[in-house]
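Numbering (the UniProt record's numbering), first residue to last: 1 to 276.
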């Protein structure tokens, strides 16, 4: 019997959980998490999705997103395949990185959507990684700052209130309430599995370089121009090294091509060729 694909319709919102194969570690360092976010941003824009929330834990990922004309399977296939290629190359790993079947629950109503959001943002707290909601690798931070194109926080904040200040206050209050378990998996309507298009490697997407640069800058709280400049500020130097290492190891470009595209010196690149 062929595997069934989850129901798809324009505007469907899913709570997605992708775990490491046999629950093994899938993010060994911050470079891995940054690259995963870069892929997520790329495929989000490619397939016109909206991302409402995410959290990256060491051995699994939670996402909350809505799809348009393209089914969720295409979005996840792109992200998971490209990350698997990156991970296997970096760590000389062979085989699956993720469990073959990610879990995706359809958020059929507002109540389920808010419960999923709270579950996602509270995940690091429940795992006793942090004492509060301020976890570097979740989207909680974007609900407290100015609008960000990566996370569509305005949609969910709008559920709490039309006024942004009031909405943020109510969001924070909701996050602190005693957590109600997200409903267990429910039977879902299915449609026949369609033929899956072959995956595309990161090398086939040169625009990933620009998106990687933007992601590294955002995660480090600095400007893209700082990374491409000659500043010797420690934070900028570390971010520059992070970008160069990720670009060389994941986007499959040569050092010479990277230097040409972003006007960085070959010596800067050479210093980053040592293993992480």
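C-beta: ideal position from N, C-alpha, C; glycine also.
Residue i versus residue j - alpha carbon distance
i           : j           : result
residue 163 : residue 156 : 12 Å
residue 224 : residue 235 : 13 Å
residue 9   : residue 115 : 22 Å
residue 145 : residue 231 : 27 Å
residue 212 : residue 25  : 22 Å
residue 83  : residue 35  : 8 Å
residue 79  : residue 50  : 15 Å
residue 128 : residue 165 : 29 Å
residue 221 : residue 215 : 10 Å
residue 22  : residue 58  : 13 Å
residue 108 : residue 63  : 16 Å
residue 240 : residue 28  : 20 Å
residue 85  : residue 248 : 13 Å
residue 161 : residue 253 : 46 Å
residue 43  : residue 242 : 21 Å
residue 111 : residue 174 : 12 Å
residue 71  : residue 38  : 20 Å
residue 226 : residue 152 : 26 Å
residue 60  : residue 120 : 11 Å
residue 176 : residue 266 : 50 Å
residue 66  : residue 19  : 20 Å
residue 210 : residue 93  : 27 Å
residue 263 : residue 228 : 7 Å
residue 95  : residue 89  : 11 Å
residue 69  : residue 233 : 45 Å
residue 17  : residue 261 : 36 Å
residue 259 : residue 218 : 21 Å
Where the alpha helix (DSSP H) through residue i begins and ends
i           : result
residue 168 : 164-176
residue 227 : 224-228
residue 262 : 255-262
Burial state of residue i (16 or more Cβ within 10 Å)
i           : result
residue 256 : exposed
residue 270 : exposed
residue 187 : With a pLDDT of 36 at residue 187, under the threshold of 50, the modelled position of this residue cannot be trusted, and the question is left open.
residue 53  : buried
residue 138 : buried
residue 118 : buried
residue 246 : buried
residue 104 : buried
residue 238 : exposed
Three-state class that DSSP yields for residue i in the structure shown
i           : result
residue 161 : coil
residue 139 : helix
residue 148 : coil
residue 126 : helix
residue 233 : coil
residue 218 : helix
residue 212 : helix
residue 153 : helix
residue 267 : helix
residue 246 : helix
residue 133 : coil
Cβ of residue i within 8 Å of any chain B Cβ
i           : result
residue 142 : Looking at the structure shown, chain B is missing, and only one protein chain is on hand.
Entirely enclosed alpha helix (DSSP H) segments - the UniProt domain "Transposase IS200-like" (9-123), minimum 4 residues: 30-46 and 72-91
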